[in-house]
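Asker:
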Amino acid sequence: MCTESGRKCQGYETPMDGRTREARDMRMVNGHNIVPVPRHQQLAPGAGLISLTDGSQVGLSPMERHYLNSFRSHTSVQCAGLAFDPFWQILVHQASETHPAVRHSVIAISALHRQFLDPTSHRTDLFTINQCNKAIGHLRAGIRSNAHLDSSQTERILIACVVLITFGLLQGDVEAVRCHLQSGTRLLYEWRKTSGKRSSLASVLLHTFVQLHIHWANVTAFRGYMRGEYPYLGELLSDNLADISDFADDDEQARTTLLLSIRAWMVMINNFTQSKGKNTIVHRMEDFLLGAPSTETNDFRSQLEHCVVAGKASSPIEQRALLMVKINRETLWILNTAAANFAGDEMGWDTLLPHFKVIVDTAEELLSSFGQLPDFSFSAKEGFIGSLMLCGIKCRDWTIRQRLMSLFQKYNRREGVSSSAQSIALLKRIYQLENSGTSPEQVVPDCDRITMVIVEEHANHSHRVPKVRFRYQDRNREWQSESLEL
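First residue of the sequence shown? That's 15 in the numbering used here, and the numbers climb one at a time after it.
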């Protein structure tokens with residue numbers, strides 16, 4: 015301690031002798047005279063470096079680390095949908111720590127989530143595509159380096175495949191979705207036939223792939239499924255039902271909700287498949303659409319009613335899940351009744367107004383009554399947009415149509431390929447075509463009604479001006495094609 019100033023002595027530095035070789039060498043570097051930095055002003059050796067405690071972030075750029083953290087804290091919960099999902103909330107995080115293909119694909123999905131929240135921002139377009147390309151590159155390299163994949167390697171490939179399928183759905187790249195879904199389903203089927211069923215991840219991966227197929231079947235109107243593009247799906251659906259039925263869980267309500275959802279859509283997708291645990295053949299798609307209400311559908315409705323009664327005192331999460339299943343029940347009932355009683359008669363849809371009203375009422379309750387729960391506006395799964403679109407197209411009641419438009423405008427949502435923006439653009443155009451020349455209180459004449467609307471599958475390469483292309487049958491029953499900006 016300095017006795018005169020009362021401060022701690024910093025010590026003294028001996029000035030460098032300018033006559034020495036060291037001083038001359040320093041002055042000659044790059045032809046400049048260099049002024050030595052005092053010792054107390056020199057930077058520490060680690061200054062400017064970022065301390066990483068997560069090994070999975072080593073080698074990533076700051077932007078990649080940002081979106082990886084954003085996925086783990088926000089996007090993964092959104093992708094899970096309205097209920098807890100072990101794939102999106104546990105499994106994908108574990109895989110992203112060790113598997114680069116999964117890591118870069120979730121970074122890409124996180125960047126898509128940012129674009130969804132801020133549509134005016136396009137600065138991440140190229141970044142998103144680059145991340146997807148990196149993921150595919152790592153996936154191919156991993157497959158090439160292992161001629162014979164063991165069970166753990168197959169698990170990682172299937173996880174990466176699910177995330178890439180989801181990325182394709184959210185981006186609207188239908189060719190990528192079809193390619194990854196076909197190859198992934200085949201790999202899953204072969205893996206389960208050999209060693210996959212002994213894996214602790216078998217049930218989670220199986221259920222996740224089934225959920226992807228449910229969404230893809232709905233948005234493509236079952237076109238690929240009726241052509242036999244997924245020959246392994248029937249057996250996988252039956253296995254999924256068996257897994258859920260045998261699942262040891264104290265929460266019977268949650269298990270039954272999963273069981274009902276898969277059983278309902280199994281009727282729509284499955285084709286000549288033996289349902290495990292039952293001695294009945296699941297109805298073919300043609301029989302379901304053209305015949306009387308099927309035993310499977312009636313069984314589904316009765317189980318749901320029992321589930322609703324038993325779940326009146328359940329948690330808000332379970333109540334919200336049951337509302338989603340209720341929408342599915344009404345949708346199935348509408349489709350089945352229409353096909354069995356007035357196929358081709360557009361005026362017959364007017365008799366189903368009470369069921370359309372139930373769907374809209376339930377959707378409003380689902381969106382407005384659970385503010386204490388996390389929202390699921392960026393889901394990777396099938397939700398209720400498809401059911402609301404069915405109401406908007408086939409229900410000609412003016413009040414129902416206005417309520418639907420209000421829902422889509424108030425709640426910006428994304429469910430895989432489907433979105434609120436796409437629904438608004440499509441319904442506005444349909445209403446213009448059908449309601450031209452009629453007032454809201456008038457019934458839309460049969461000759462003015464559009465009998466069928468098909469959203470065409472196409473790769474939307476214009477990300478700055480997203481579009482939707484669709485075909486419809488006009489009043490002369492001739493097919494027309496249009497493209498709308500979102």
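Ideal Cβ placement from N, Cα and C applies to all residues, glycine included.
Reducing DSSP to helix, strand and coil, say where S497 ends up.
Answerer: strand
Asker: Assign E455 to buried or exposed, taking buried as 16 or more other Cβ atoms, counted over all protein chains shown, within 10 Å of its Cβ.
Answerer: exposed
Asker: Pair every Cβ in the region 239-259 with every Cβ in the region 190-207, then say whether three or more of these pairs are closer than 8 Å.
Answerer: yes
Asker: Name the residue from H229, S87, G362, T199 whose alpha carbon lies nearest to the alpha carbon of G248.
Answerer: T199
Asker: Using C-beta distances below 7 Å, list every residue in its chain close to N160, excluding the 5 sequence neighbours before and after it, in chain order.
Answerer: Q167
Asker: Counting C-beta neighbours from all protein chains within 10 Å, is the total for D164 16 or more, i.e. buried, or is it exposed?
Answerer: exposed
Asker: Which residues in the same chain have their Cβ closer than 6 Å to the Cβ of R79, if we skip the five residues on either side of it in sequence?
Answerer: Closer than 6 Å at Cβ, skipping near neighbours: Q71.
Asker: Would you call the CB atoms of Y486 and V467 closer than 7 Å?
Answerer: yes
Asker: When you compare only the Cα positions, how much space is there between I104 and S110?
Answerer: 10 Å
Asker: Which of helix, strand or coil does DSSP assign to S124?
Answerer: helix
Asker: Residues in the same chain with beta-carbon distance under 6 Å from Q196, minus the five sequence neighbours each way, listed in chain order, please.
Answerer: None.
Asker: Restricting to Cα atoms, I'd like to know which of N355, V372, L366, D359 is closest to N342.
Answerer: V372
Asker: For R415, is the classification buried or exposed, using 16 other Cβ atoms within 10 angstroms of its Cβ as the cut-off for buried?
Answerer: With 16 or more other Cβ atoms from the protein chains shown falling within 10 Å of its own Cβ, R415 counts as buried.
Asker: Less than 7 Å between the beta carbons of V374 and R417, yes or no?
Answerer: Yes, the pair counts as a contact, with Cβ atoms nearer than the cut-off.
Asker: Work out the CA separation of L366 and G451 for me, nearest whole Å.
Answerer: 24 Å
Asker: Where does N355 land, buried or exposed, given buried means 16+ other C-beta within 10 angstroms?
Answerer: exposed
Asker: Which whole-angstrom value is the C-beta distance of F392 and Q92, which I expect to be below 8 Å?
Answerer: 4 Å
Asker: Just grab the DSSP bridge partners of F484 for me.
Answerer: DSSP lists V469, E496 as partners of F484.
Asker: I need the DSSP call for L370, collapsed to helix, strand or coil.
Answerer: In the sequence as displayed, the identity of residue 370 is Phe instead of Leu. F370 sits in a helix when the DSSP states are folded into three classes.
Asker: Which one of P114, L140, A439, R463 has the shortest CA to CA distance from I173?
Answerer: P114
Asker: Look up S552 in the DSSP assignment and give the residues it is bridged to.
Answerer: Within the shown structure, residues of the chain are numbered from 15 to 500, placing residue 552 beyond reach of any answer.
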